[in-house]
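Right, one structure below, let's go through it.
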Amino acid sequence: MHLYFSEACGACRNGKIYKIENNQAKLYYEVKIPWAGDFGFDEEGNLYLSSGNRVPASIYKVVNGEPIKIYTANELIKGFIVRDNAIYYANWRDKIYKLDLNSMQRSVVYSNSSKNWISDVAFRSKGPATVTISLPDLMIEDITSVKRGDYYYVKYLIKNVGNADAGQSKACLYIDGKYVASDTVQVDKGRSKWGEFGYKIKGHSYNKSLR
């Protein structure tokens with residue numbers, strides 16, 4: 000399962016749909032029709048778009064990269080979901096509709112005149128949904144220290160056990176629960192790197208901890 004998001008700014012430029020892979024947003028589809036950012040997929044992975052906050056509004060199915068208009072209503076079509084060969088959508092007013100994709104007939108599934116801005120719909124699955132996001136995970140593998148004159152130098156081996164590269168990160172040295180030094184480290188996924196702290200001796204021994 001992958002996570003997608005949209006970027007839309009009205010008439011200023013084409014809208015875009017992005018797919019998150021390896022903690023990076025990659026362009027999935029560029030929308031070249033009037034669009035407010037609402038999109039969805041059916042169970043087979045086909046992309047659908049709604050033109051959103053304009054009247055009349057339309058629903059499109061993307062076929063071979065082109066948006067094909069499949070339905071138009073004389074009211075707004077905002078957030079929607081495609082499920083079991085039907086599209087459920089909100090009219091950004093007081094109704095939720097079901098559009099049967101076989102007959103292309105529309106029916107009201109919910110109406111409430113006290114609601115003025117019904118904007119989106121969703122189904123909650125019985126099982127938990129899983130979204131995989133790649134993140135770095137840094138851990139300390141080894142620590143050594145050496146005394147040179149009035150200073151202790153603490154070397155540490157840090158490993159990135161996550162599934163994404165770690166950009167510039169901060170490692171901190173604490174002595175007796177008090178912060179004394181920091182170091183900047185950058186580690187690619189699956190790799191290890193040595194870093195070093197230096198601090199002046201205060202005249203007695205310490206219990207050193209690294210965070």
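Under numbering that gives the first Met the number 0, the first residue of the sequence shown carries the number 0, and numbering increases by one thereafter.
Just so it is clear, CB atoms sit at the ideal spot from N, CA and C, and this is done for glycine as well.
If the criterion is Cβ atoms closer than 7 Å, does the pair Phe-38 and Ile-16 meet it?
Locating residue 38 in the sequence shown gives position 39, counting from the first residue. Locating residue 16 in the sequence shown gives position 17, counting from the first residue. Yes, the Cβ-Cβ distance between Phe-38 and Ile-16 is below 7 Å.
Tell me which same chain residues have a C-beta within less than 7 Å of the C-beta of Asn-84, skipping the five on either side of it?
Counting from 1 along the sequence shown, the entry for residue 84 is found at position 85. The answer, listed in chain order, is Leu-100 and Asn-101.
Of all the options Lys-25, Val-184 and Ile-58, which has the alpha carbon lying nearest to the alpha carbon of Lys-97?
Working through the sequence shown from its first residue, we reach residue 97 at position 98. When only C-alpha atoms are compared, the closest one is Ile-58.
Are there 16 or more other CB atoms within 10 angstroms of the CB of Ile-157, so buried, or fewer, so exposed?
Position 158 of the sequence shown, counted from the first residue, corresponds to residue 157. Buried.
Hey, Asn-159 and Val-186: beta-carbon distance below 7 Å or not?
Locating residue 159 in the sequence shown gives position 160, where the first residue counts as 1. Locating residue 186 in the sequence shown gives position 187, where the first residue counts as 1. In contact: Asn-159 and Val-186 (Cβ atoms closer than 7 Å).
Alpha carbon to alpha carbon, what distance is there between Trp-193 and Lys-154?
Start at 1 with the first residue of the sequence shown, and residue 154 comes out as number 155. Start at 1 with the first residue of the sequence shown, and residue 193 comes out as number 194. Distance between the alpha carbons of Lys-154 and Trp-193: 7 Å.
Quick check: what's the CA-CA separation for Glu-74 versus Lys-18?
Locating residue 74 in the sequence shown gives position 75, where the first residue counts as 1. Locating residue 18 in the sequence shown gives position 19, where the first residue counts as 1. Whole-angstrom Cα-Cα distance: 30 Å.
Figure out for me which residue from Val-108, Met-0, Arg-190 and Asn-115 has the closest Cα to the Cα of Glu-42.
One-based indexing of the sequence shown puts residue 42 at position 43. The shortest C-alpha separation from Glu-42 is found at Met-0.
Over the uninterrupted beta strand (DSSP E) stretch that includes Phe-79, give me the two end residues.
Reading the sequence shown from its first residue, position 80 is the one you call residue 79. Unbroken beta strand (DSSP E) run through Phe-79: 79 to 82.
What is the DSSP secondary structure of Phe-38, reduced to helix, strand or coil?
The count along the sequence shown starts at 1 and reaches residue 38 at position 39. Here Phe-38 sits in strand by DSSP.
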